[in-house]
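Residue numbers (the working numbering): 189 to 941. C-beta atoms are modelled at their ideal positions from N, C-alpha and C, and glycine is treated no differently. As the structure is a prediction and not an experimental result, all values here were calculated from the model.
See below:
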């Protein structure tokens, strides 16, 4: 028989060949079993809020179904064993399954109604029974006489000396590294031994059964894990949306972890602060543990617990090392802290899974007392749980950090408001404000007027201009006065982007409105005046491009037009501080806010060309309509651009002062760019001051002139701006010509820097 054994072992790799219809009928239940559970039901969005109450029981029911599926597999194995018994005309058959611990085989009773008490286990080892030996060597045994075989002196349990010929075959996994089940056939003393065909058929069928059972188990495990994954994804959605608090989330996660692996108790630790793997520092945690009434399944957050470096406990070791810790006997493990067992609870087996990403450890999930021990499959399942716990812990920490940041922001904002508030004597100056006694400069209602030496009266002029355009009752005067003071205080002491520039822009818009009072609505007039006054509030003195290039915090806060967005924020803050819109209807306030935002954003030079191209095409084709709000809004954006550059449309003596301030600011940026190893533009390079006339001609011709021409095309009474712009261009050309002919004077062509 040894020769036959050798031949059959040689054919083990090819034993999964087609064995006919009988094999197909036997294998059909295994191959079809996993397909039944693939279809899943999605939870409609509108019922998501009910999910928290109903889903836990549903998931547990699903898990119970998968356990039932395993029982069905056992029943099919019983039936298959009977088929083999009848096929080989054996006198008896025994079916054994391998215990999850891989250390025992369990005799399956002949009927599914047998109780757990009747379960019989045999250790997987040689020198006892035939089935234990086969499980140990992971190979089949075909013995003609087992009565005197020294390999298995105990023979077949329960049969005694009646059995003589035995065929015991293991059902192996597809890689032949693990035994799933054992089918043991025997014949009595007076019967013939098993033939080669019978042996080959049983081995072939058992081989296919092993592969099919393994596939079935893997599919069931996948479906079980998939069901849990689906549940936790939905649970996390509820948590992220604020429907489920973190305590309830922890309760459900630990409860399902316990149910899934069969543990008695669970704990959850969230780590405070950043902890890296293999740290030697003490670790401070929040502990979530079950209350005394475990039937309620509510996990309570206890006082803070510290994992000391000298006596951290099992969970502390998991947190410190970032590795899964599995303990088979807690009181025999020196890492276990016996002080953790209180109120009569005794820890036996423990598994602690760290909740971590590649940088930090965020928490630890710990389960206690699974009999006989926690397996590798349990470890894999809990690591899946830990990945979802990681999302929750990271979100919790991010939310807490956000709350702290918001509190810090509120504190800083209160400090900012306190410091930005005008001085008391400036606020009280309103008592002396009288429109009738106000000395308005003679040329104030002309585009050629410049604030210059009148800046000390700027607040008076701002309030006067608002009330002249809107009426004295549109704003509460004390609020308007404070708003103007805040606007002035918000401008930095930049060479160019300062309050004098802001007032110049404001004054230009004021004159356009005064000359065309019926063209604009009250909201549009208000929006233009506020937007021009605050359009450069808290300007840094650098361009958007420079802020982006240097990684300034403002450039990181906004994706584009970072300075303009900051000006809007400042403007809206001042409106809120002064309660400026108290007399305006709520629906109009929203419209006014949107208009102010759009107008300030339009001062970004990047948007000038878009607006100019749009309006130029409308005017050229005669399609421009003042009643069309889209056209009118674009035109107001063009007004903002013209007003922003109106300092270049003054008498040339004023233009030289404005240009000098502008270049001083530009050169400051250019110097910083050089320090960074960059090459600044010519207008920002103080070494190229000779190019100022040429640069100004290009700037005025390409940028300013087309926008002013559009302004005049719709509102002809603004023509003075166009004339002054053309005059300034000619003056720069004259200086450029003198420069080229060596007849120029440095004090005329160079701005005073």
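Would residue i be called buried (16 or more neighbouring beta carbons within 10 Å of its own) or exposed?
i           : result
residue 902 : buried
residue 853 : buried
residue 357 : buried
residue 223 : With a pLDDT of 37 at residue 223, under the threshold of 50, the predicted position of this residue should be treated as unreliable, though the coordinate-derived value follows. Looking at its Cβ environment, which holds fewer than 16 other Cβ atoms inside 10 Å, residue 223 is exposed.
residue 752 : buried
residue 333 : exposed
residue 770 : exposed
residue 317 : buried
residue 290 : exposed
residue 883 : buried
residue 623 : exposed
residue 311 : exposed
residue 758 : buried
residue 478 : buried
residue 401 : buried
residue 641 : exposed
Beta-carbon separation of residue i and residue j under 7 Å?
i           : j           : result
residue 790 : residue 726 : no
residue 890 : residue 910 : no
residue 512 : residue 541 : yes
residue 576 : residue 797 : no
residue 612 : residue 835 : no
residue 324 : residue 338 : no
residue 593 : residue 562 : no
residue 723 : residue 788 : yes
residue 857 : residue 734 : yes
residue 569 : residue 448 : yes
residue 276 : residue 386 : yes
residue 463 : residue 454 : no
residue 721 : residue 675 : yes
residue 437 : residue 428 : no
residue 524 : residue 539 : no
residue 507 : residue 552 : yes
Residue i lies in the alpha helix (DSSP H); which residues open and close that run?
i           : result
residue 830 : 817-832
residue 513 : No alpha helix (DSSP H) contains residue 513, which is instead part of the beta strand (DSSP E) from 513-515.
residue 453 : Premise fails: residue 453 lies in the beta strand (DSSP E), 453-459, not in any alpha helix (DSSP H).
residue 802 : 793-809
residue 909 : 907-928
residue 623 : Segment: none, residue 623 is in no alpha helix (DSSP H) and carries neither H nor E.
residue 149 : Because residue 149 is not part of the residues shown, which for the chain are 189 to 941, the question remains open.
residue 347 : Residue 347 -> no alpha helix (DSSP H), and no H or E assigned at all.
residue 901 : 893-902
residue 331 : First-last for residue 331: 329-331, but that is the beta strand (DSSP E), not the alpha helix (DSSP H).
residue 877 : Looking at the DSSP string, residue 877 is not in any alpha helix (DSSP H), and its letter there is neither H nor E.
residue 614 : 612-616
Residue i by DSSP, collapsed to three states: which one?
i           : result
residue 377 : coil
residue 161 : Lying before the first or after the last residue shown, residue 161 is absent from the chain, which here runs from 189 to 941.
residue 746 : coil
residue 646 : helix
residue 294 : strand
residue 862 : helix
residue 286 : strand
residue 773 : coil
residue 352 : strand
residue 681 : coil
residue 492 : strand
residue 835 : helix
residue 343 : strand
residue 315 : coil
residue 640 : helix
residue 659 : coil
residue 280 : strand
residue 262 : helix
residue 666 : helix
residue 813 : coil
Looking at the unbroken beta strand (DSSP E) that takes in residue i, where does it start and where does it end?
i           : result
residue 473 : 471-478
residue 323 : From DSSP, residue 323 is part of no beta strand (DSSP E) but of the alpha helix (DSSP H) over 318-325.
residue 309 : 308-311
Practice task
Can you check the stretch 495-578 for any beta strand (DSSP E) of at least 3 residues that lies completely inside it and give the ranges in chain order?
Solution key: 513-515, 538-544 and 549-556
Quick one: which unbroken alpha helix (DSSP H) runs of 4-plus residues sit fully inside the stretch 364-445? Chain order, please. Fully enclosed alpha helix (DSSP H) runs of 4 or longer: 384-428.
Q.
Please give the ranges of any alpha helix (DSSP H) in the stretch 697-749, keeping only runs that are unbroken, at least 4 residues long and fully inside the region.
A. Along the stretch 697-749, the alpha helix (DSSP H) occurs as fully enclosed runs of 4 or more residues at 710-722, 732-737 and 741-745, listed in sequence order.
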